[in-house]
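Participant:
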Amino acid sequence: MCTCITDFLTYETTKSVVVKSWTIGIINRVVQLLIITYFVGWVFLNEKAYQVRDTAIESSVMTKVKGFGIYNNRVMDVADYVTPTQGASVFCIITKIITTDNQVQGHCPESEKRFTCTQDSNCSKYVNKPGDYGILTGRCVSFNTTMKMCEIKGWCPAEIDTIKTTPMMEVENFTIFIKNSIRFPMFNYTKGNFLPTISSDYIKKCNFDMVNNTYCPIFKVGDVVRYAQQNFTKLADKGGIIGIKIGWLCDLDKSDDCNPSYSFTRLDAMSQKNAVSPGYNFRFAKYYKMENGTDYRTLVKAYAIRFDVLVNGNAGKFNMIPTLINMVAAFTSVGVGTVLCDIILLNFLKGAEQYKAKKFEEVSDSPMDTHSNGLYQSQLSLRHKIKSNDLGSFSIEHYC
Amino acid sequence: MCTCITDFLTYETTKSVVVKSWTIGIINRVVQLLIITYFVGWVFLNEKAYQVRDTAIESSVMTKVKGFGIYNNRVMDVADYVTPTQGASVFCIITKIITTDNQVQGHCPESEKRFTCTQDSNCSKYVNKPGDYGILTGRCVSFNTTMKMCEIKGWCPAEIDTIKTTPMMEVENFTIFIKNSIRFPMFNYTKGNFLPTISSDYIKKCNFDMVNNTYCPIFKVGDVVRYAQQNFTKLADKGGIIGIKIGWLCDLDKSDDCNPSYSFTRLDAMSQKNAVSPGYNFRFAKYYKMENGTDYRTLVKAYAIRFDVLVNGNAGKFNMIPTLINMVAAFTSVGVGTVLCDIILLNFLKGAEQYKAKKFEEVSDSPMDTHSNGLYQSQLSLRHKIKSNDLGSFSIEHYC
Amino acid sequence: MCTCITDFLTYETTKSVVVKSWTIGIINRVVQLLIITYFVGWVFLNEKAYQVRDTAIESSVMTKVKGFGIYNNRVMDVADYVTPTQGASVFCIITKIITTDNQVQGHCPESEKRFTCTQDSNCSKYVNKPGDYGILTGRCVSFNTTMKMCEIKGWCPAEIDTIKTTPMMEVENFTIFIKNSIRFPMFNYTKGNFLPTISSDYIKKCNFDMVNNTYCPIFKVGDVVRYAQQNFTKLADKGGIIGIKIGWLCDLDKSDDCNPSYSFTRLDAMSQKNAVSPGYNFRFAKYYKMENGTDYRTLVKAYAIRFDVLVNGNAGKFNMIPTLINMVAAFTSVGVGTVLCDIILLNFLKGAEQYKAKKFEEVSDSPMDTHSNGLYQSQLSLRHKIKSNDLGSFSIEHYC
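Protein chains in written order, with the working numbering: chain A, 1131 to 1530; chain B, 1131 to 1530; chain C, 1131 to 1530.
Okay, structure coming up:
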């Protein structure tokens, strides 16, 4: 019994060869230094490997646009130009509209040039096919005094979307107010983009800029567009999608090191390059009823700047488990330098053969070898026999 | 001083035993080959471990539906059947509607069977409780010439949603145009789903299919539904949610290896299995005003196919740090084979005892042992004494 | 040729020193036990490292609110108080509204106190600047019999949002029905939150609670608010955002171990702390037309509780590759204990010098040393010469 326990309670450690050589000693220590520097500098200080990290950020965004524009001699307010109206993280500010008033279900000529006709036979090929603004009936009817067009069945009159209109330039001065609350569930840590260091008065009056007001939650549309490196006039004319990114990189070990950073990009960057369907527009309708119950509607083709508020981030806090794991990884990684040093030691150093003899001991399964495998013999013969080919301590020699 | 530095500038490497045996040699080399193959084939070539990877894809989606349907003798266009209208990544195409016109606030009978009554006492238990279409008053009133129902207070008349209607079958031929721009912020790489190799003319006319037009951004609703392995008629009748997934797996080391791949699934798969609340429908209202200022509305119960455009992806690019780390990992992992080979060598090979004697050297803390711990003695006695129990070189023997 | 192959087919293993000492033996085995316990208990059982994990959950959410409220003597139904109406994962239930009826484009006095005036000159500084409800004209006009205000151009009359109204308290009893389908694409595994063990009858009648009805998909608004630790009256009055989180943590190795777990938080937690813009409200308008074609609208300022249904989760299933990799990691990590044990062995144990002599063998590149570097000599001199400074087996001594 006692022997069993004695046999079990042993400790096995590798037998080492200590090489006293300035050359390899320096190389060894330099490699070790590099590895330690990597772990201390990059893994621990830069990547904060001693922290446990919560990337499952919970976020809620509320937005409110303010400003008045004048379009077609009408004053437009938030309820007119923002859609959807709920003040969520994605919203559009309409910059340009083409309205087609008083549409009713009926028959009327198409408005697209390609449906120009002179007689019914020009239109017959289209019968019951979808046109641009309705289902074609196959008849050719007068569009105006000089032109005839194929007739459609649908909401009439058809929209004419080739009219040139100027966008509502006041949009540039509209302000977007963003309220963003985040939470890191792992640490039960909650914060908002109204920093506690900022007074209520400041929030009411400030405007975000990249230099002095980096924490102000009110953004001028013109500034946002400029920070996204876009030309406001072009953008307002064609429409587009701007991303307002809020990044939260929090180090909860330091108090107050958890602040939002705002950045801006054009998300539909492709629209700029490509001629097909540039910009951003959509159609919607407002429905009305005549006294007799007939439905009629106002069709609106709206060009808009869409804003997507995107929140991302993560938080780190000191934790024993990752610290220990990474320290163990660091310590064991120091040994990795041995691979490189062994290659140098056993191949390029003066006296490499001697080192090999010291490092490698041979044992063979051939009976003859086994016979003479006294310790003395094997050790003495090592110098001449051993050519190690292990990858771990690779010896560059030709075998064949 | 000099001694100090000399003592510091040493290099320590493990002393190794080289076993010259075909059996264990082959096993060793095969295991090493497997490990190298795993690293080269899987980690480097397949998983591209030499690349740094950006998974924080930024994406913007714009959609536009085209087509005309006929429903209740009215031509329906985009403004009628798409909701929300903004052309975002999530939108519904309404396939079937049940309209209740001219609702005003007032009192009227319920329309659900379970509220059938013959006298007020049948309804009294419901007083001030919510019915299906309003708040019950507890009175029993005529529903039609033959039937009586409990009376409600609310928008009247109550909707009758048991009417059988057929869905708008033209939806199958509607087309969905998807404009998707993505950006990998780490590499500042921007791309869109209109590939530069594709001409504008092509984009205007093409229709996506899985074989010849894999990059066409225009999708027929019928095709999408079929690719999601659904039956269009059933889906249009009950409503449902279809996911259009755009995957971007980009290898930025190769130019032009960054293309979208489209796939389609039914997202509310549960709806198919479960009888409770199958499909997808919702109610909304259009509000009107009479001349005298009284509000009235048209309540619409809409069955719809909802499309969710989901974008995901990641991009990789060669980077020195992951390459180095993974190469070091590969080199050091080659040594892992030793664990397996040691077990075989020390237990199953002919001459295992001899290998053990060679591999293990014993040292003891008992005074007696220490005394006789001359090199010679310990080495000679090794053959008989040592039973190593280290897990790293596990020897399968019974201790007790 | 044969020699080449023989030379290649060798196996190299480290030469080990086995220390027979109870002290270090116990330390060694305890450290090994700790490491094994960590791997078995934490890595394998807790973290399920033997599974491959799919975190790319696909989810679709459908919601439906039910209930009737009374506000301003009108019965409000779903179409009135839920917005957006599509029944998606984000929706608002309106609890309080301030309506401004019959607004038309025109001129009228502002309604905010700060625009009080006695004569035009008080307002001239504002000319063409945005006021709170329109563009200021610079004139001072009568607001009521006693007060004068600066005049605006815009939708008139201006909203008066300082009116105190009580929220619709019936919202507390409204129910939210949530249909959530999820899919793990890696395993092609689909599931819904209507568990198969639950009958249709149950789903129609149940109400979620944390104790007995944890899988019921119908949630009372009052319960949700309470579970999020909020006061309903306050929340309904100011508005706010509540998150309904559905977590799916699935172990697909066990059948039926894939169930939703619901949790609730207030997402705009910041609103509670900060006085600036507390709560959640937004404005929208309903547009009407007079017989003569003039537009007029009803502006609604709505206070609402927004619900965000957030789905997250992951699924694991047994897979050979992660199992093997983690087992190899576990086995090799057992060796990490050596670092600690070596430090103890070579520094703190009785007979440390003797262990050092046994563990380290010295080789030097100085000619003199090389000369006398017979095996015997070097071994005998070890006891006195060697001071290893390798980090891997750190020896605490002063060098200088």
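The beta carbon of each residue, even a glycine, is placed where N, CA and C say it ideally should be. Given the structure is predicted, the values throughout are model-derived calculations rather than measurements.
Between the stretch 1354-1370 of chain C and the stretch 1394-1409 of chain C, do at least 3 Cβ pairs fall closer than 8 angstroms?
Facilitator: In short, these stretches touch, since the Cβ pair count reaches three.
Participant: For Arg1356(B), write down the residues that DSSP places opposite it in a beta bridge.
Facilitator: The residue you call residue 1356(B) lines up with position 226 of the second sequence. Note: Arg1356(B) sits in no beta bridge, so no partner.
Participant: Would you identify the three-state DSSP class for Met1450(B), choosing helix, strand or coil?
Facilitator: In the second sequence, residue 1450(B) corresponds to position 320, counting from 1. In this structure, Met1450(B) counts as helix in the three-state DSSP scheme.
Participant: Residues of the stretch 1356-1385 of chain B with a CB closer than 7 angstroms to any CB of chain A: list them in chain order, please.
Facilitator: If the cut-off is 7 angstroms between Cβ atoms, the stretch 1356-1385 of chain B has nothing near chain A.
Participant: Got a sec, what are the start and stop residues for the beta strand (DSSP E) Ser1311(C) sits in?
Facilitator: Along the third sequence, one-based indexing puts residue 1311(C) at 181. Start and end: 1305-1314.
Participant: Use the C-beta contact count for Asn1411(A): other C-beta atoms within 10 angstroms, 16 or more gives buried, fewer gives exposed.
Facilitator: To locate residue 1411(A), count along the first sequence from 1; it is residue 281. That one is buried.
Participant: Report the start-end ranges of each beta strand (DSSP E) in the stretch 1423-1469 of chain A that is 3 residues or longer and not cut off at the edges.
Facilitator: You should have 1425-1448.
Participant: Can you look up Lys1150(A) in the DSSP assignment and give me helix, strand or coil?
Facilitator: As a position in the first sequence, residue 1150(A) is number 20, starting the count at 1. Three-state result, Lys1150(A): strand.
Participant: Counting only C-beta atoms, is Asp1231(B) closer than 8 angstroms to chain C at any point?
Facilitator: For the purposes of this step, residue 1231(B) is taken as the residue at position 101 of the second sequence. Not closer than 8 angstroms to any Cβ of chain C, the Cβ of Asp1231(B) fails to qualify, so no.
Participant: Taking the alpha-carbon positions, what's the Met1299(B) to Ile1293(B) distance?
Facilitator: Stepping through the second sequence from its first residue, residue 1299(B) is reached at position 169. Stepping through the second sequence from its first residue, residue 1293(B) is reached at position 163. The alpha-carbon atoms of Met1299(B) and Ile1293(B) are separated by roughly 18 angstroms.
Participant: Three Cβ pairs or more, each shorter than 8 angstroms: is that satisfied between the stretch 1213-1221 of chain A and the stretch 1211-1219 of chain B?
Facilitator: With a cut-off of 8 angstroms, the stretch 1211-1219 of chain B and the stretch 1213-1221 of chain A count as touching, because enough Cβ pairs lie within range.
Participant: Quick check on the burial criterion: 16 or more other C-beta atoms within 10 angstroms. Buried or exposed for Cys1132(B)?
Facilitator: Here the question's residue 1132(B) lines up with position 2 in the second sequence. It counts as exposed.
Participant: For the stretch 1391-1404 of chain A, which residues have a beta carbon sitting closer than 8 angstroms to at least one beta carbon of chain C?
Facilitator: Answer in chain order: no residues at all.
Participant: Counting only beta-carbon atoms, is Leu1139(C) nearer than 8 angstroms to chain B?
Facilitator: Within the third sequence, the letter at position 9 stands for residue 1139(C). Yes, Leu1139(C) lies at the interface with chain B (some Cβ there is under 8 angstroms from its Cβ).
Participant: If we ignore side chains and look at the alpha-carbon of each, how far apart do Phe1414(A) and Asn1456(C) end up?
Facilitator: To locate residue 1414(A), count along the first sequence from 1; it is residue 284. To locate residue 1456(C), count along the third sequence from 1; it is residue 326. Roughly 57 angstroms separates the two Cα atoms.
Participant: For Asn1337(A), I'd like the list of residues in its chain whose CB is within less than 8 angstroms of its CB, leaving aside the five on either flank, ordered along the chain.
Facilitator: Residue mapping note: residue 1337(A) aligns to position 207 of the first sequence, counting from 1. Result list for Asn1337(A): Thr1305, Asn1343, Cys1346, Ile1348, Phe1349, Lys1350, Asp1353, in chain order.
Participant: Do Ile1308(C) and Leu1365(C) have their C-beta atoms closer together than 8 angstroms?
Facilitator: Taking the first residue of the third sequence as 1, we reach residue 1308(C) at position 178. Taking the first residue of the third sequence as 1, we reach residue 1365(C) at position 235. No; because the gap between Cβ atoms is not below 8 angstroms, this pair is not in contact.
Participant: Taking C-beta pairs closer than 8 angstroms, name the residues in chain B that Thr1320(C) reaches, listed in chain order.
Facilitator: Counting from 1 along the third sequence, the entry for residue 1320(C) is found at position 190. Under the 8 angstroms cutoff, chain B gives Ala1399, Met1400.
Participant: Can you check whether the CB of Val1195(B) is closer than 8 angstroms to the CB of Val1208(B)?
Facilitator: Counting from one through the second sequence, the residue named residue 1208(B) turns up at place 78. Counting from one through the second sequence, the residue named residue 1195(B) turns up at place 65. Result yes, Cβ atoms of Val1208(B) and Val1195(B) sit closer than 8 angstroms.
Participant: Any idea if Met1498(C) is buried or exposed, counting beta-carbon neighbours within 10 angstroms, 16 or more meaning buried?
Facilitator: Locating residue 1498(C) in the third sequence gives position 368, counting from the first residue. Reliability fails at Met1498(C), whose pLDDT of 46 lies under 50, so the model's placement of it is uncertain and no value is given.
Participant: Label Tyr1141(A) either buried or exposed according to how many other C-beta atoms from any shown protein chain fall within 10 Å of its C-beta, with 16 as the threshold for buried.
Facilitator: Mapped onto the first sequence, residue 1141(A) falls at position 11. When all chains shown are included, Tyr1141(A) counts as buried.
Participant: Output the distance between the C-alpha atoms of Leu1139(A) and Leu1475(B), rounded to the nearest integer angstrom.
Facilitator: Within the first sequence, residue 1139(A) is the residue found at index 9, counting from 1. Within the second sequence, residue 1475(B) is the residue found at index 345, counting from 1. C-alpha separation (whole angstroms): 23 angstroms.
Participant: Mind checking if Ser1151(B) is an interface residue toward chain A, Cβ cutoff 8 angstroms exclusive?
Facilitator: Locating residue 1151(B) in the second sequence gives position 21, counting from the first residue. Ser1151(B) counts as touching chain A.
Participant: What distance in whole Å lies between the Cβ atoms of His1237(B) and Lys1283(B), which are believed to be in contact at a cut-off of 8 angstroms?
Facilitator: The residue labelled residue 1283(B) in the question sits at position 153 within the second sequence. The residue labelled residue 1237(B) in the question sits at position 107 within the second sequence. Rounded, the Cβ-Cβ distance is 6 angstroms, consistent with contact.
Participant: Which bits of chain B does Asp1353(C) rub up against, with CB to CB less than 7 angstroms?
Facilitator: Along the third sequence, one-based indexing puts residue 1353(C) at 223. Chain B residues near Asp1353(C): none, gap ~17 angstroms exceeds 7 angstroms.
Participant: Do you know how far the Cα of Lys1416(A) is from the Cα of Met1420(C)?
Facilitator: Counting from one through the third sequence, the residue named residue 1420(C) turns up at place 290. Counting from one through the first sequence, the residue named residue 1416(A) turns up at place 286. Distance between the alpha carbons of Met1420(C) and Lys1416(A) is about 14 angstroms.
Participant: List, in order along the chain, the chain C residues whose C-beta lies closer than 8 angstroms to that of Glu1177(A)?
Facilitator: Position 47 of the first sequence, counted from the start, is the residue given in the question as residue 1177(A). Ordered by position in chain C, no residue passes the 8 angstroms Cβ test against Glu1177(A), which lies about 20 angstroms from the chain.
Participant: State the Cα-Cα distance for the pair Ile1473(A) and Ile1154(A), rounded to the nearest angstrom.
Facilitator: As a first step, residue 1473(A) is located in the first sequence; it is residue number 343 there, counting from the start. As a first step, residue 1154(A) is located in the first sequence; it is residue number 24 there, counting from the start. Approximately 11 angstroms, taken between the alpha carbons.
Participant: When the cut-off is 8 angstroms and only beta carbons count, does Pro1260(B) lie next to chain C?
Facilitator: In the second sequence, the residue the question calls residue 1260(B) occupies position 130. Closer than 8 angstroms to some Cβ of chain C, the Cβ of Pro1260(B) qualifies, so yes.
Participant: With distances taken from CA atoms, which of Pro1260(B), Lys1259(B), Cys1253(B) is nearest Gly1268(B)?
Facilitator: Taking the second sequence and counting its residues from 1, one reaches residue 1268(B) at position 138. Checking every option, the nearest Cα to that of Gly1268(B) belongs to Cys1253(B).
Participant: With a threshold of 8 angstroms between beta-carbons, can Ile1228(A) be considered close to chain B, or not?
Facilitator: Here residue 1228(A) is taken as the residue at index 98 of the first sequence, counted from 1. Output row for Ile1228(A): interface = no.
Participant: List, in chain order, every chain C residue whose beta-carbon is nearer than 8 angstroms to that of Asp1438(B).
Facilitator: One-based indexing of the second sequence puts residue 1438(B) at position 308. Chain C residues near Asp1438(B): Ser1190.
Participant: Under the DSSP definition of a beta bridge, which residues are partnered with Asp1381(C)?
Facilitator: Here residue 1381(C) is taken as the residue at index 251 of the third sequence, counted from 1. Paired residue(s): Gly1446(C).
Participant: Name, please, each residue of chain C whose Cβ falls closer than 8 angstroms to the Cβ of Pro1214(B).
Facilitator: Here residue 1214(B) refers to the residue found at position 84 of the second sequence. Within chain C, the residues near Pro1214(B) are Pro1214, Gln1216.
Participant: Leu1382(C) and Gly1446(C) look like a contact to me (Cβ under 8 angstroms); what is the Cβ gap, rounded to whole Å?
Facilitator: Taking the third sequence and counting its residues from 1, one reaches residue 1382(C) at position 252. Taking the third sequence and counting its residues from 1, one reaches residue 1446(C) at position 316. Rounded, the Cβ-Cβ distance is 7 angstroms, consistent with contact.
Participant: Sort out for me which residues DSSP pairs Glu1281(B) with in a bridge.
Facilitator: Here residue 1281(B) corresponds to residue number 151 of the second sequence, with the count starting at 1. Paired residues: Pro1239(B).
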